[in-house]
Each structure stands twice: as structure tokens, then as C-alpha cells.
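Q: So the sequences go chain by chain: A and B. Using our numbering, the first residue of the first sequence is number 555, and each one after it goes up by one. Using our numbering, the first residue of the second sequence is number 605, and each one after it goes up by one. Before anything else, here's the structure in question.
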Amino acid sequence: MSAGQEDALVQARGIHLSFGQTPALRGADIAVRAGEILAVMGPSGSGKSTLLHCLAGILVPEAGEIHFAGRRLDTLSEGERSTLRRDRFGFVFQFGQLVPELTAEENVALPLLLKGVRRGEAVARAGEWFERLELDGLHKRRSGELSGGQAQRVALGRALVARPEVLFADEPTGSLDSLTGERVMELLSTAAREHGTTVVLVTHEPRVAAYADREVIVRDGKVTSLSHDRVVV
Amino acid sequence: MTVPITLLGLLEREPSHGYDLKRDYDAFFGRGKPLPFGQVYATLGRLARDGKVAAGEPEPGAGPERKRYVITEQGVTEVAAWLAEPVEPEPHLQTVLFAKVVLALMTDRPAETYLDTQRAAHLQRMREFTELKRTGNTVDALLADHGLFHLEADLRWIDVTAARLDALAKAVRS
Ligand SMILES: Nc1ncnc2c1ncn2[C@@H]1O[C@H](COP(=O)(O)OP(=O)(O)O)[C@@H](O)[C@H]1O
Ligand SMILES: [Mg+2]
Chain A
555 MSAGQEDALV QARGIHLSFG QTPALRGADI AVRAGEILAV MGPSGSGKST
605 LLHCLAGILV PEAGEIHFAG RRLDTLSEGE RSTLRRDRFG FVFQFGQLVP
655 ELTAEENVAL PLLLKGVRRG EAVARAGEWF ERLELDGLHK RRSGELSGGQ
705 AQRVALGRAL VARPEVLFAD EPTGSLDSLT GERVMELLST AAREHGTTVV
755 LVTHEPRVAA YADREVIVRD GKVTSLSHDR VVV
Chain B
605 MTVPITLLGL LEREPSHGYD LKRDYDAFFG RGKPLPFGQV YATLGRLARD
655 GKVAAGEPEP GAGPERKRYV ITEQGVTEVA AWLAEPVEPE PHLQTVLFAK
705 VVLALMTDRP AETYLDTQRA AHLQRMREFT ELKRTGNTVD ALLADHGLFH
755 LEADLRWIDV TAARLDALAK AVRS
């Protein structure tokens with residue numbers, strides 16, 4: 555019914571996390587298969603972002619386990635998790651969160667630079683993303699000189715440039731109009747499928763979730779694996 | 605899609621044979637469900653009887669189908685009126701699904717599960733439309749968008765209903 559343990563690349567079992575008195579996750583289970591695009595849906599405040607942050611090793615749950623590629627992730631040190639995030643994960647958030655002092659090209663190159671790739675090579679590899687993300691000619695712009703959709707595509711380039719195994723996207727189209735958002739989703743899903751990147755896509759919008767292979771719903775800090783698994787199998 | 609008015613509309617472009625009308629109907633409106641030739645000719649016959657089209661002389665060397673049809677003044681008026689009339693908004697799904705939800709609550713069945721199942725079915729359909737948009741031509745993409753917007757509206761209703769199930773249960777069980 556749910557993803558088998560063997561083919562799960564990212565998995566959470568019974569995780570709990572509260573912010574002060576507010577329980578955000580209350581026994582959440584999720585399994586993300588290698589290579590799939592999984593939409594995590596659910597109402598605002600249900601715990602989607604918290605779940606994503608736990609899966610990505612940004613937050614550590616108070617109870618339960620997180621596994622990535624067969625390894626326990628939640629018991630790693632902050633330093634180890636930070637290295638894991640840098641080397642194997644990519645991130646896109648609702649508001650691109652580009653570094654305003656850097657050009658678009660430098661923003662995309664940033665993950666490579668942080669990994670120790672030489673500047674010339676990093677910028678060249680970053681440049682390759684501009685054409686495929688329909689950003690021709692915008693290499694030297696700074697984030698203040700980009701439209702929302704352009705900035706989000708730069709953020710997508712930055713998330714994918716180092717060829718992460720998992721892309722964590724939290725409402726990546728949330729700040730865009732629907733046509734622009736669809737373009738971003740089109741580019742995101744095409745690039746992910748081409749590279750076999752696993753994607754955890756948090757969204758409350760059905761039209762965005764429709765780019766995923768399947769969806770789960772978060773309600774009150776728990777995950778409901780949707781019934782079409784049941785219907786199809 | 606109503607076949608007679610659509611054929612009439614296609615005829616307004618230029619006088620055509622039944623064969624041409626069928627081909628264009630299938631291409632633009634058939635959506636994988638071709639119109640049988642028999643239905644094309646029966647429809648044209650009725651339109652002729654009602655004075656909305658006129659059949660030309662049979663063309664040489666051919667059977668009864670080798671006739672060219674021409675739209676009449678009355679036919680053009682009908683097409684214009686049909687185009688100008690807004691389509692009946694169809695709260696179809698809501699009615700059926702609403703009935704299911706209410707009956708489920710009345711009979712202590714899992715209404716939330718039914719809504720989840722419906723949501724999954726809707727999302728599956730939305731994935732198909734999204735795929736069609738990615739791979740299809742402009743006509744496919746626009747039709748897919750139409751479907752996507754409708755399904756999205758249904759989903760909003762499903763979400764709102766799911767969020768208010770407790771209140772609805774109280775209302776229908778009292
Ligand atoms: N940093 C935080 N401090 C306090 N409460 C938080 C914080 N982050 C999230 N929460 C609370 O945790 C719950 C889940 O939040 P979140 O995971 O952001 O939900 P979602 O992404 O589904 O909208 C909400 O009640 C939210 O208010
Ligand atoms: Mg969130």
C-alpha cells in the first residue's frame with residue numbers, strides 16, 4: 555500500500571515535533587521512493603514544512619526516525635547533517651531566497667563553490683542552466699532585477715546545479731501567478747525526471763501537485779497516504 | 605458536445621461533404637470518440653428537414669454521400685444564437701458527491717474516506733491532463749486547462765466539505 559521499505563530513499567517513521575506547546579508533527583510516517591516526485595499536500599498549518607525540514611535534516615524530531623539512503627539521519631550531528639544537505643540535497647523555497655549581493659549566475663554557482671569547485675568551472679557549469687531554465691541573457695542580473703518567476707528559476711538552477719539526489723521544494727510556486735508557476739513546475743519536473751532526481755514537493759495547490767507522480771496529505775501532523783494507491787493496486 | 609449544432613457551425617465555414625464534417629468534428633471535438641458516419645448523415649438529414657442546411661445535387665460517380673451541404677440563413681441564425689448563449693454552469697459533481705457525503709454521514713459510513721478517494725481520483729485525472737498539456741498541441745493544451753480548472757474547483761469544494769464534516773454530520777443527523 556505505501557512505498558516498500560526497500561525502495562524508499564527517504565523515510566520517516568512515527569516522527570513527533572512540537573514548537574513549544576504547538577504540536578506540528580504527531581506521529582508522521584512517509585516513504586519517498588528513489589526517483590519519484592512526491593507531492594505533500596494538506597491545509598495550511600498542518601505540518602508540511604516541518605515534515606520537509608525533518609526529512610531534509612534541517613530539524614530533528616523529538617521522537618521517531620528518519621532514514622536517508624538506508625542510513626539513520628536524525629541521529630547525525632549538526633555538522634554531519636549540514637554536509638549531507640550540501641552534498642546530496644537541493645532546496646527551493648517559496649521566495650527564491652537568492653543572495654542579493656550576487657549575480658544570478660553566481661547564485662546558481664554557489665552550491666558548487668561551497669563544495670570547493672573552482673570559480674571558473676563553477677560559473678561555467680552554472681551558465682549551462684540558464685538556457686534550459688529560459689534565463690538567457692540574465693546571467694549578470696541581481697535578484698532585485700529579476701521578476702518573481704525569473705528569480706524562482708534561478709533558485710531552481712541553484713538547487714539542481716550540484717546534481718542533488720533529493721530536491722526539497724517547499725511551495726516553490728507559492729509566490730507566482732498560475733501561468734508562471736506552471737512554467738516553473740514544468741521545468742522542475744522535466745529536469746528532475748531527466749536526472750532521476752527524487753523530489754519532495756510541498757504544495758497546497760492541486761495544479762502544482764498534478765506534476766508529481768503521487769501525493770500524500772498531511773493533516774494535524776500526520777500523513778495520509780492517498781487512496782489512489784489503494785484504488786490502483 | 606451537441607453534435608447537430610457543432611456540425612452546423614462547421615458548415616458555416618464553407619459548404620462541405622459529410623466526410624469533411626466528420627473529419628473536422630473528430631479532430632476538434634471527438635476527443636478520441638469518432639462520430640459514426642451514420643450519425644453524420646442522419647444529423648444532416650434532420651438539419652435539412654428543419655431548413656437549417658440545404659443539400660446540393662449528388663456529384664457524379666458517387667453514392668448518396670457525395671452531396672455537398674450548405675448552411676441556410678436560418679442555420680446561421682441558430683449558430684449565432686447558440687454561440688452567444690452562455691453554457692449552463694454544471695454543478696454536477698457537487699450534486700452527486702454531496703448526496704454521497706450526506707448519505708454516508710446519515711448512515712455512519714466513512715464520509716472522509718469517500719472524499720479522500722474522490723480527491724485521489726481527481727488528482728489522478730489532473731495528472732493526466734497535465735501530461736496532455738505537456739505533450740499535446742495547442743488545442744489539447746487548452747482543453748486540458750479547461751478540465752484542470754474544473755477539477756481544481758471541485759477539489760476546493762472537497763477540501764471545504766472535508767473541513768466541515770463534523771458540522772455537516774450534526775446538521776444531517778439531527
Ligand atoms: N518556527 C516555528 N515556531 C513556532 N511554531 C511553528 C514554527 N514553525 C511551524 N510552527 C507551527 O507548527 C504547525 C505546523 O506548521 P508548518 O509545518 O509550517 O505547516 P504548513 O507548512 O503545513 O503550513 C503550525 O501550527 C505552525 O504554526
Ligand atoms: Mg509551509
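Virtual Cβ for every residue (Gly too), placed ideally from N, Cα, C. Quick caveat: nothing in here was measured; it's all calculated off a predicted structure.
Check Tyr-765 of chain A in the structure and name its three-state DSSP category.
A: Coil.
Q: State the DSSP-derived secondary structure class of Gly-644 of chain A, mapped to helix, strand or coil.
A: Here Gly-644 of chain A sits in strand by DSSP.
Q: Between Gly-599 of chain A and the rest of its own chain, which residues show a CB-CB distance below 7 Å, the 5 nearest in sequence each way excluded?
A: Excluding positions up to five away in sequence, the list is empty.
Q: Specify whether the stretch 720–735 of chain A and the stretch 746–764 of chain A touch according to this definition: at least 3 beta carbon pairs, one from each stretch, less than 8 Å apart.
A: With a cut-off of 8 Å, the stretch 746–764 of chain A and the stretch 720–735 of chain A count as touching, because enough Cβ pairs lie within range.
Q: Rounded to whole angstroms, what is the Cα-Cα separation between Ala-708 of chain B and Ala-766 of chain B?
A: Distance between the alpha carbons of Ala-708 of chain B and Ala-766 of chain B is about 13 Å.
Q: What does the alpha-carbon distance come out to for the pair Leu-689 of chain A and Leu-563 of chain A?
A: Looking at the two C-alpha atoms, the distance is approximately 32 Å.
Q: May I have the straight-line CA-CA distance separating Gly-775 of chain A from Arg-567 of chain A, to the nearest angstrom?
A: Each residue's alpha carbon lies about 13 Å from the other.
Q: Opposite Pro-497 of chain A in the DSSP bridges: which residues?
A: Because chain A is modelled from 555 through 787, residue 497 of chain A falls outside the range shown and cannot be assessed.
Q: Identify whether Phe-633 of chain B lies in helix, strand or coil by the three-state DSSP scheme.
A: Helix.
Q: Looking at Arg-729 of chain B and Leu-755 of chain B, is the spacing between their C-beta atoms short of 7 Å?
A: Closer than 7 Å, so yes.
Q: From the DSSP secondary-structure annotation, give me the bridge partner or partners of Lys-737 of chain B.
A: Answer is none; Lys-737 of chain B lacks a bridge partner.
Q: At a CB distance below 9 Å, what residues from the stretch 726–745 of chain A approach chain B? Give them in sequence order.
A: For the stretch 726–745 of chain A, which is checked against every Cβ of chain B, the residues closer than 9 Å are Glu-736, Met-739, Glu-740, Ser-743 and Thr-744.
Q: Taking 7 Å as the CB-CB limit, is Ala-588 of chain A close to chain B?
A: Chain B contact via Cβ: absent.
Q: Quick one, which residues of the stretch 743–773 of chain A are near chain B if we go by CB-CB under 7 Å, in chain order?
A: Cβ contacts with chain B: Pro-760, Arg-761, Ala-763, Ala-764, Tyr-765 and Glu-769.
Q: Taking Cβ-Cβ distances below 8 Å as the criterion, which residues of the stretch 717–745 of chain B are in contact with chain A?
A: Cβ contacts with chain A: Thr-717, Asp-720, Thr-721, Arg-723, Ala-724, Ala-725, His-726, Leu-727, Gln-728, Met-730, Arg-731, Phe-733, Thr-734 and Arg-738.
Q: Short check: CB of Ala-680 of chain A to CB of Phe-643 of chain A, under 7 Å?
A: The answer is no: Cβ separation not under 7 Å.
Q: Would you call the CB atoms of Leu-762 of chain B and Leu-719 of chain B closer than 7 Å?
A: Residue identity check: residue 762 of chain B is Ile in the sequence provided, not Leu. Yes, these two residues count as a Cβ contact at 7 Å.
Q: For Arg-731 of chain B, count neighbouring C-beta atoms within 10 Å of its own C-beta (all shown protein chains included) and say buried if the count is 16 or more, exposed if not.
A: That one is buried.
Q: Whose Cβ in chain B lies nearer than 9 Å to the Cβ of Thr-778 of chain A?
A: Correct list: Asp-720.
Q: Buried or exposed for Pro-664 of chain B, please, with buried defined as at least 16 other CB atoms from any protein chain shown within 10 angstroms of its CB.
A: Pro-664 of chain B should be labelled exposed.
Q: When you compare the stretch 708–717 of chain A with the stretch 658–671 of chain A, are there three or more beta-carbon pairs, one atom per stretch, that lie closer than 8 Å?
A: With a cut-off of 8 Å, the stretch 658–671 of chain A and the stretch 708–717 of chain A count as touching, because enough Cβ pairs lie within range.
Q: Given that Leu-759 of chain B touches chain A, what residues does it touch there, using C-beta distances under 7 Å?
A: Chain A residues near Leu-759 of chain B: Pro-760.
Q: Does the stretch 667–687 of chain B come into contact with the stretch 610–628 of chain B, if we say contact requires no fewer than three beta-carbon pairs (one atom in each stretch) closer than 8 Å?
A: With a cut-off of 8 Å, the stretch 610–628 of chain B and the stretch 667–687 of chain B count as touching, because enough Cβ pairs lie within range.
Q: Using three-state DSSP, classify Ile-612 of chain A as helix, strand or coil.
A: In this structure, Ile-612 of chain A counts as coil in the three-state DSSP scheme.
Q: So what does DSSP say about Ser-620 of chain B, is it helix, strand or coil?
A: Strand.
Q: What are the boundary residues of the beta strand (DSSP E) that includes His-622 of chain A?
A: It should be pointed out that residue 622 of chain A corresponds to Phe in this sequence rather than to His. First-last of the beta strand (DSSP E) with Phe-622 of chain A: 617–622.
Q: Given this structure, state the Cα-to-Cα distance separating Gly-703 of chain A from Ala-658 of chain B, to the nearest angstrom.
A: So the two alpha carbons sit approximately 54 Å from each other.
Q: Rounded to the nearest angstrom, how far is the Cβ of Gly-601 of chain A from that of Ala-582 of chain A, given a contact under 8 Å?
A: Yes, Gly-601 of chain A and Ala-582 of chain A are in contact; Cβ-Cβ is about 7 Å, under 8 Å.
Q: Confirm the yes/no value for this check: CB of Gly-601 of chain A, any heavy atom of ligand 4, distance under 6 Å.
A: Among the ligands present in this structure, namely ligand 1 and ligand 2, ligand 4 is not found.
Q: If contacts are defined as beta-carbon pairs under 8 Å, then Glu-769 of chain A and Ala-593 of chain A qualify, I think. What distance do you get, rounded to the angstrom?
A: At roughly 4 Å, the Cβ-Cβ gap stays under 8 Å, so Glu-769 of chain A and Ala-593 of chain A are in contact.
Q: Identify whether Ser-701 of chain A lies in helix, strand or coil by the three-state DSSP scheme.
A: Reduced to three states, the DSSP call for Ser-701 of chain A is coil.
Q: Is it the case that the Cβ atoms of Lys-656 of chain B and Gly-679 of chain B are separated by a distance below 7 Å?
A: Contact flag set, yes.
Q: Pick from A:Phe-573, A:Leu-656, A:His-607 and A:Leu-652: whose alpha carbon is nearest that of Gln-636 of chain A?
A: The residue you asked about is not Gln; residue 636 of chain A is Ser in the sequence shown. Ser-636 of chain A has its Cα closest to that of A:His-607, out of A:Phe-573, A:Leu-656, A:His-607 and A:Leu-652.
Q: According to DSSP, simplified to helix, strand and coil, what is Ala-658 of chain B?
A: Here Ala-658 of chain B sits in strand by DSSP.
Q: Buried or exposed: which applies to Asp-561 of chain A, given that a residue is buried once 16 or more other Cβ atoms fall within 10 Å of its Cβ?
A: It is exposed - the Cβ of Asp-561 of chain A has fewer than 16 other Cβ atoms within 10 Å.
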